[in-house]
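At position 222 of the sequence shown the residue is numbered 221 (numbering that gives the first Met the number 0), and the sequence of numbers has no breaks. Ideal placement from N, C-alpha and C gives every residue a C-beta, glycine not left out.
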Amino acid sequence: MASAAVSSLDPKAFVYDPFAPDVMRDPFPYYKILRDRYPIYRIEKYDAWAISRYEDILKLLTDPHAHLTTTEGTLISPALFRRSNAGKVPPPRLDPMDIFPNLPSPYYEQVRQSAIGPLRPHAVAQLEPFIRERVRERLAELIGRGRFNATVDFGGYVSSGTACQLIGLPLAQAPLLLELVNRSTTRDPEYGGPSDAFEETSRRLMQMLAELVRSRRKASADGSNRMVDGLINLEIAGRHLTDEEIAWHLMVIAVGATETLPKVVAAGLLELWRHRDQRAQVLADLETNVPIAFEEMLRYGAPAQWFSRTVVDHPYTIRGHTLMPGHRVIILFASANRDERMFENADRFIWNRAMDGHLAFGYGMHFCVGVHVARLEGRIMVEELLRAIPDYEIDEANARRVISDFQLGWMQVPLIVR
Ligand code: HEM
Numbered sequence: 000m001a002s003a004a005v006s007s008l009d010p011k012a013f014v015y016d017p018f019a020p021d022v023m024r025d026p027f028p029y030y031k032i033l034r035d036r037y038p039i040y041r042i043e044k045y046d047a048w049a050i051s052r053y054e055d056i057l058k059l060l061t062d063p064h065a066h067l068t069t070t071e072g073t074l075i076s077p078a079l080f081r082r083s084n085a086g087k088v089p090p091p092r093l094d095p096m097d098i099f100p101n102l103p104s105p106y107y108e109q110v111r112q113s114a115i116g117p118l119r120p121h122a123v124a125q126l127e128p129f130i131r132e133r134v135r136e137r138l139a140e141l142i143g144r145g146r147f148n149a150t151v152d153f154g155g156y157v158s159s160g161t162a163c164q165l166i167g168l169p170l171a172q173a174p175l176l177l178e179l180v181n182r183s184t185t186r187d188p189e190y191g192g193p194s195d196a197f198e199e200t201s202r203r204l205m206q207m208l209a210e211l212v213r214s215r216r217k218a219s220a221d222g223s224n225r226m227v228d229g230l231i232n233l234e235i236a237g238r239h240l241t242d243e244e245i246a247w248h249l250m251v252i253a254v255g256a257t258e259t260l261p262k263v264v265a266a267g268l269l270e271l272w273r274h275r276d277q278r279a280q281v282l283a284d285l286e287t288n289v290p291i292a293f294e295e296m297l298r299y300g301a302p303a304q305w306f307s308r309t310v311v312d313h314p315y316t317i318r319g320h321t322l323m324p325g326h327r328v329i330i331l332f333a334s335a336n337r338d339e340r341m342f343e344n345a346d347r348f349i350w351n352r353a354m355d356g357h358l359a360f361g362y363g364m365h366f367c368v369g370v371h372v373a374r375l376e377g378r379i380m381v382e383e384l385l386r387a388i389p390d391y392e393i394d395e396a397n398a399r400r401v402i403s404d405f406q407l408g409w410m411q412v413p414l415i416v417r
């Protein structure tokens with residue numbers, strides 16, 4: 000194995016490497032220097048550029064002259080980063096088919112559209128009673144315990160249940176789904192990239208989802224499970240998808256639905272505890288204020304550091320730097336959300352700050368498919384928790400961050416019931 004990546008905050012010898020242990024522990028000091036001094040930062044050994052300012056990210060993701068592809072993946076591993084494309088982007092993988100975020104048009108759109116019926120606004124709105132009841136029941140149980148981990152025991156419990164509901168898995172499988180997703184997304188704390196748990200946990204997730212696909216085929220995929228049946232009935236590139244291919248597409252949605260939101264909610268609860276004046280203001284009118292506070296929780300505590308793209312076909316020049324075909328682009332969404340050029344006092348949590356939007360859900364073509372679920376579920380979780388335990392405490396000394404080249408936030412936020 001290669002030696003661990005190196006980073007340095009020394010202004011005279013600044014080095015940013017997303018896989019360096021120091022960056023994985025806390026990337027924000029690096030983001031600040033990147034934004035201020037090296038907004039378009041070349042990482043030669045990965046054939047990549049890191050883009051850190053809000054304005055540049057928006058430009059790159061919307062400019063028709065920027066030709067970007069995701070066929071190498073949107074979350075490239077360190078091993079792949081170390082292999083240069085030497086100017087040529089590898090062809091997409093169509094058989095067996097890659098996960099849908101990595102597909103080129105029109106396949107990408109075809110798979111995405113056939114899967115996302117339950118994620119559209121009208122369908123999501125109908126989930127509200129299910130989510131609210133599950134949140135209330137869980138809170139009643141957790142309050143009885145006196146102390147719980149806001150990320151896993153509360154947020155993870157709720158979001159894994161919603162994921163089951165969306166995909167059509169039995170609710171009884173939610174605890175296993177949560178455990179497998181949380182283990183499969185842990186990263187190697189020294190080298191970055193997937194940890195040793197990845198293979199075994201993704202194999203088990205695959206089994207769980209492929210089993211569901213088989214059961215839907217037996218039921219003739221009659222449309223009563225919109226997501227899975229939509230994928231079974233899809234004809235694409237002159238054929239139907241196999242069980243395994245469908246299970247991989249479902250896995251992307253299952254992971255997105257399960258691991259992201261709990262970190263936002265837990266980080267938000269931590270900030271409201273740190274700023275009791277702000278908590279009191281939110282508490283004054285929960286229904287009006289929680290949706291506003293939740294947007295700041297997303298900006299401040301969004302759970303992904305970056306997603307990547309690869310330049311294809313034509314060079315693209317931005318701020319005097321030319322990105323060549325084959326170069327990877329690391330889009331630092333988390334840095335953009337702390338860009339002082341866009342947000343005053345960007346590193347401060349201010350529940351009702353005036354803002355013109357944020358990039359917590361990405362931007363453009365790959366904008367998060369789960370945005371409506373995330374907003375509904377997040378608001379319900381925060382609102383119900385504040386209603387049930389308005390004066391909660393947090394044992395900050397025992398809170399634990401994730402160490403990751405990709406995720407951000409807190410895996411453990413011990414919340415104490417008062
Ligand atoms: C607070 C919660 C969430 C946050 C902050 C979040 C964030 C993001 C971001 C930043 C992207 C863009 C990736 C890119 O540009 O390559 C994305 C994409 C995606 N998200 Fe979410 N997400 C959240 C919740 C969810 C939920 C609840 C689901 C599923 C129900 C989900 C499923 C997905 C999927 C499948 C994609 C890939 C979309 C594509 O490539 O077309 N996410 N998410």
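- Item | Sequence-distant residues of its chain with Cβ nearer than 6 Å to arginine 144 (five each side left out) | Same-chain partners within the cutoff: there are none.
- Beta-bridge pairing of leucine 67 - partner residues as DSSP gives them: Answer is Val310.
- Thinking C-beta only, is alanine 283 closer than 8 Å to tryptophan 409? Result no, Cβ atoms of tryptophan 409 and alanine 283 do not sit closer than 8 Å.
- Message: I'd like the list of long-range same chain contacts for proline 100, defined as Cβ closer than 7 Å, with 5 residues on each side in sequence excluded.
- Response: These residues qualify, in order along the chain: Thr69, Thr73, Val251, His365.
- State the DSSP-derived secondary structure class of glutamate 343, mapped to helix, strand or coil. Residue state, collapsed to three classes: coil.
- Item | Identity of the residue in Ala114, Ala292, His66, Pro89 nearest methionine 354 by Cα | Comparing alpha carbon positions, the residue from Ala114, Ala292, His66, Pro89 closest to methionine 354 is Ala292.
- Item | Inter-residue Cα distance where the pair is threonine 321 and proline 314 | One C-alpha to the other measures close to 6 Å.
- First and last residue of the uninterrupted beta strand (DSSP E) at threonine 316: Taken as a continuous stretch (DSSP letters only), the beta strand (DSSP E) holding threonine 316 covers 315-317.
- Item | Element boundaries [alpha helix (DSSP H), containing leucine 204] | Leucine 204: member of the alpha helix (DSSP H) spanning 196-217, first to last residue.
- Could you work out which residue in Gly300, Pro324, Ala303, Ile231 is closest to valine 311 when comparing CA atoms only? Valine 311 has its Cα closest to that of Pro324, out of Gly300, Pro324, Ala303, Ile231.
- Message: Following a CB-centred definition, is histidine 121 positioned closer than 7 Å to any heavy atom of the ligand HEM?
- Response: Between the ligand HEM and the CB of histidine 121, the shortest heavy atom gap is not smaller than 7 Å.
- Count the other CB atoms within 10 Å of the CB of arginine 399; is the residue buried (16 or more) or exposed (fewer)? By the Cβ neighbour-count rule, arginine 399 is exposed, with fewer than 16 other Cβ atoms within 10 Å of its own.
- Message: Less than 7 Å between C-beta atoms, sequence neighbours within five positions excluded: which residues of the same chain meet that for threonine 426?
- Response: Residue 426 is absent from the model: the chain starts at 0 and stops at 417.
- Query: Can you find a heavy atom of the ligand HEM that lies under 7 Å from the Cβ of threonine 73?
  - Reply: Yes, the ligand HEM has a heavy atom inside 7 Å of this Cβ.
- Message: Tell me which residue opens and which closes the beta strand (DSSP E) that methionine 164 is part of.
- Response: Note that residue 164 corresponds to glutamine in the displayed sequence, not to methionine. Segment 156-166 is the alpha helix (DSSP H) holding glutamine 164; no beta strand (DSSP E) there.
- Below 8 Å CB to CB, which residues in the same chain sit around tyrosine 15 once its five sequence neighbours on both sides are set aside? Answer for tyrosine 15: Ser6, Val22, Tyr29, Ile32, Leu33, Tyr37, Tyr40, Ile42, Ala49, listed in chain order.
- Message: Taking the straight line between their C-alpha atoms, what separation do you get for glutamate 258 and leucine 177?
- Response: Spanning the two alpha carbons is a distance of roughly 8 Å.
- Item | Outcome for serine 334 when other beta-carbon atoms lying within 10 angstroms are tallied against a minimum of 16 | It counts as buried.
- Message: Can you look up leucine 282 in the DSSP assignment and give me helix, strand or coil?
- Response: Note: leucine 282 maps to helix in three-state DSSP.
- Message: Extract the residue ranges of the beta strand (DSSP E) inside the segment 118-159, only unbroken runs of 3 or more that lie entirely within it.
- Response: 146-148, all fully within the segment 118-159.
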